[in-house]
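Numbering follows this note's numbering, with no gaps: position 161 of the sequence shown is 672.
Everything on this sheet refers to the single structure shown next.
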Amino acid sequence: MSLHTLKRVQTLPVTIQEAWEFFSSPLNLSLITPPEMKFHVLSRFNPGDKIFKDMLIDYRVSPLLSIPMFWQTKITEVDAPHYFVDEQLKGPYAYWHHEHHFREVNGGTEMTDLVQWRVPFGWAGDWVNEFLVRKRVEAIFNFREKKLNQLYAEPQFASSNQR
Numbered sequence: 512m513s514l515h516t517l518k519r520v521q522t523l524p525v526t527i528q529e530a531w532e533f534f535s536s537p538l539n540l541s542l543i544t545p546p547e548m549k550f551h552v553l554s555r556f557n558p559g560d561k562i563f564k565d566m567l568i569d570y571r572v573s574p575l576l577s578i579p580m581f582w583q584t585k586i587t588e589v590d591a592p593h594y595f596v597d598e599q600l601k602g603p604y605a606y607w608h609h610e611h612h613f614r615e616v617n618g619g620t621e622m623t624d625l626v627q628w629r630v631p632f633g634w635a636g637d638w639v640n641e642f643l644v645r646k647r648v649e650a651i652f653n654f655r656e657k658k659l660n661q662l663y664a665e666p667q668f669a670s671s672n673q674r
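Shown next as structure tokens:
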């Protein structure tokens, strides 16, 4: 089973604290996940809840072929407002490690996603990854980038940038 990697960098027109406020809420993940994935947070959270080290988050998601799957991630590292890491404990991957980094830059906050994963089933999983899984992971992050651009263009975000 090969280790696969995706790195994405996006600059958001908000302060690092505003970016952290959004991304540290487990409930906001559904806002930036493609609707066809039928993503649903199963864990019970209140609107103001924030991630913390060792937090477990349960989801139901249909990553491929509209087949619903249970997915559980654990927040393994948190250094607010600079980064956090989530790792899959149960779900569709043999291994999933997602680092979220935030850095203040001129004009806002640079957000870097570094994702590493392994697909189960050995060489067959590597083959499926090249033809299906990698494209799906890339599509998820393409959607996320577009959605974040839309969200941060909305008046409530734009007005906070004019301080």
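Using N, Cα and C, we set each Cβ at its ideal position, and we do this for glycine too.
Determine the DSSP secondary structure at residue i, reduced to helix, strand or coil.
| i | result |
| --- | --- |
| Asp590 | strand |
| Gly619 | strand |
| Leu538 | helix |
| Asp637 | helix |
| Arg674 | Note that Arg674 has pLDDT 37, beneath the 50 cutoff, so the model's placement of it is unreliable and the number below is only indicative. Arg674 falls in the coil class under three-state DSSP. |
| Phe556 | coil |
| Ile562 | coil |
| Glu525 | In the sequence as presented, Glu is not what sits at residue 525; that position holds Val. Coil, per DSSP. |
| Lys658 | helix |
| Leu643 | helix |
Hey, residue i and residue j: beta-carbon distance below 9 angstroms or not?
| i | j | result |
| --- | --- | --- |
| Gln521 | Glu649 | no |
| Glu598 | His612 | no |
| Pro592 | Ile527 | yes |
| Glu615 | Val596 | no |
Roughly how far, in whole angstroms, is the beta-carbon of residue i from the beta-carbon of residue j, given that I think they are within contact range, below 8 angstroms?
| i | j | result |
| --- | --- | --- |
| Pro579 | Ser554 | Not really, about 16 angstroms apart at Cβ, beyond 8 angstroms. |
| Trp628 | Tyr606 | 6 angstroms |
Using the Cα positions of residue i and residue j, report the straight-line distance between them to the nearest angstrom.
| i | j | result |
| --- | --- | --- |
| His551 | Ile651 | 15 angstroms |
| Met548 | Pro574 | 5 angstroms |
| Leu576 | Asn660 | 27 angstroms |
| Lys518 | Lys658 | 18 angstroms |
| Leu625 | Val589 | 15 angstroms |
| Phe534 | Ser513 | 29 angstroms |
| Gly619 | Leu523 | 6 angstroms |
| Glu641 | His515 | 10 angstroms |
| Lys601 | Thr587 | 14 angstroms |
| Asn617 | Ala530 | 14 angstroms |
| Glu621 | Tyr663 | 13 angstroms |
| Glu532 | Pro558 | 11 angstroms |
| Val525 | Val644 | 32 angstroms |
| Val630 | Asp560 | 31 angstroms |
| Ser653 | Pro546 | Looking at the sequence itself, residue 653 is Asn, so the reference to Ser does not match. Rounded to the nearest angstrom, the two C-alpha atoms are 13 angstroms apart. |
| Lys646 | Phe556 | 31 angstroms |
Subject >> Three or more C-beta pairs below 8 angstroms linking the region 629 to 645 and the region 540 to 549 >> reply: no
Original post:
Do the region 583 to 596 and the region 559 to 572 touch if we need at least three Cβ pairs shorter than 8 angstroms?
Top reply: yes
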